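Please read the structure below before turning to the comments.
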Amino acid sequence: MCKKHHEFIRQAVDMAAENVGTGLGGPFGALIVKDGKIIGRGVNRVTSIKDPTAHAEVMAIRDACRQTDDYRLEGAVIYTSCEPCPMCLSAIYWARLDKIYFAAYHSDAAKAGFDDSFIYKEIPLPLEKRAIPIRQISTRTRSNLFLPGSTWKTK
Numbered sequence: 055m056c057k058k059h060h061e062f063i064r065q066a067v068d069m070a071a072e073n074v075g076t077g078l079g080g081p082f083g084a085l086i087v088k089d090g091k092i093i094g095r096g097v098n099r100v101t102s103i104k105d106p107t108a109h110a111e112v113m114a115i116r117d118a119c120r121q122t123d124d125y126r127l128e129g130a131v132i133y134t135s136c137e138p139c140p141m142c143l144s145a146i147y148w149a150r151l152d153k154i155y156f157a158a159y160h161s162d163a164a165k166a167g168f169d170d171s172f173i174y175k176e177i178p179l180p181l182e183k184r185a186i187p188i189r190q191i192s193t194r195t196r197s198n199l200f201l202p203g204s205t206w207k208t209k
């Protein structure tokens, strides 16, 4: 493993430790690197800003997207203090990051009370079997947004 990888993962872990000391969030830190430069940083702010999506990885993605003025982060990698939860993993895929490096496994976080294993178990279940009921409501126009000629386009 490259020396730079160890430096970046150490920074993510240090950010997580410092974050706990501030009392503003949990022990999670992340940074996004492109071409050897840090382009985004984030720490957990779930409790302090009252936002359940304010995980370190999501905050780092938001920062990197602001810094690059793009929602796509191709060519960049994320270093995070803990294996990403399902929400963060999804955000990483949507941001099109190239690689994920992490320090602790999600099972380590679970031992400390940050247990997202129930979400991992929910994902493969049929919609009607999930803990939070999910129901599709059929409409005649539900797929019009996705037809050719729609007014929105991605870059």
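Position one of the sequence shown corresponds to residue 55 (our numbering), numbered consecutively onward.
Every residue gets a Cβ at the ideal spot worked out from N, C-alpha and C, and that includes glycine.
All of these numbers come straight from a predicted model, not from anything done at the bench.
Does the count of Cβ pairs from the stretch 141–161 and the stretch 176–196 closer than 8 Å reach three? no
What does residue 95 pair with, by DSSP beta-bridge criteria? 85
Is residue 135 closer than 8 Å to residue 108 when the C-beta atoms are compared? no
Taking the CB atoms as reference points, tell me whether residue 103 and residue 93 lie closer together than 8 Å. no
Just the C-alpha distance for residue 182 and residue 64, rounded to the nearest angstrom, thanks. 42 Å
Beta carbon of residue 165, beta carbon of residue 131: below 8 Å? no
What beta strand (DSSP E) runs, 3 residues minimum, are completely inside the stretch 94–165? 130–136 and 153–158
Grab the span of the alpha helix (DSSP H) containing residue 71 for me, first residue to last. 57–76
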